[in-house]
Amino acid sequence: MSAVKKLILSVMAFALLSVLLYYFVYASPNARWNSPQRYILDQFYQAFQTRDYSMISPLIFDRNPQMVINIRHWYGDVKSYHIQTIRSVSSSEKQAVITVTSLREGKEHRNTDTILLAKQDGGWAITSYNSDLEYKLP
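Mapping the sequence shown onto my numbering, position 99 (from 1) lands on 234, and the numbers just tick up by one.
Listed below in structure tokens is the structure:
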């Protein structure tokens, strides 16, 4: 194997290892740096699974969860969720991408939520909630 090919393979291997290291250290939901945000997100989705909406208000930045509850209502019954990534947007903000599986009109659906969390005095709170859910009003 020529020296050029070895160099190219070495650079590609280094790049791949760098990307994997970044994911597992910083973007993985299980990374130590993301545990406070993961805790908030787990509480948020568990509240929808158990329909205990009173748990949501303390998780929202302005303490008004009504819009989120309205949107989530159109999802149907939340069966499971998977936090795909939690990444830093700034020193005081993180963005999470979550896949949600729900049962709606007798069919299983998968949607993706994007949630922005911000650091507050007492911890972290949800400041923005977006979903790719396409719902039709009656």
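Every residue, glycine too, gets a C-beta built ideally from N, C-alpha and C.
Legend entry - For L194, three-class secondary structure by DSSP: Here residue 194 is taken as the residue at index 59 of the sequence shown, counted from 1. If DSSP states are grouped into helix, strand and coil, L194 belongs with the helices.
Inset, instruction - Pull up the distance between the alpha-carbon of R173 and that of P200, whole angstroms please. - result: One-based indexing of the sequence shown puts residue 173 at position 38. One-based indexing of the sequence shown puts residue 200 at position 65. Going from the Cα of R173 to the Cα of P200 covers about 19 Å.
Legend entry - Paired residues, beta bridge with E228 - DSSP: The sequence position of residue 228 within the sequence shown is 93, counting from 1. BP columns for E228 point to S225 and A253.
Inset, instruction - Return the CA-CA distance between E240 and D212, expressed in angstroms with no decimal places. - result: Here residue 240 is taken as the residue at index 105 of the sequence shown, counted from 1. Here residue 212 is taken as the residue at index 77 of the sequence shown, counted from 1. Their backbone Cα atoms lie some 10 Å apart in a straight line.
Legend entry - Local conformation of L268 per DSSP, three classes: Position 133 of the sequence shown, counted from the first residue, corresponds to residue 268. DSSP places L268 in coil when its eight states are reduced to three.
Legend entry - Counted within 10 angstroms of its Cβ, other Cβ atoms place N169 as buried (16 or more) or exposed: Counting from one through the sequence shown, the residue named residue 169 turns up at place 34. A residue is called buried when at least 16 other Cβ atoms come within 10 angstroms of its Cβ; N169 meets this threshold and is buried.
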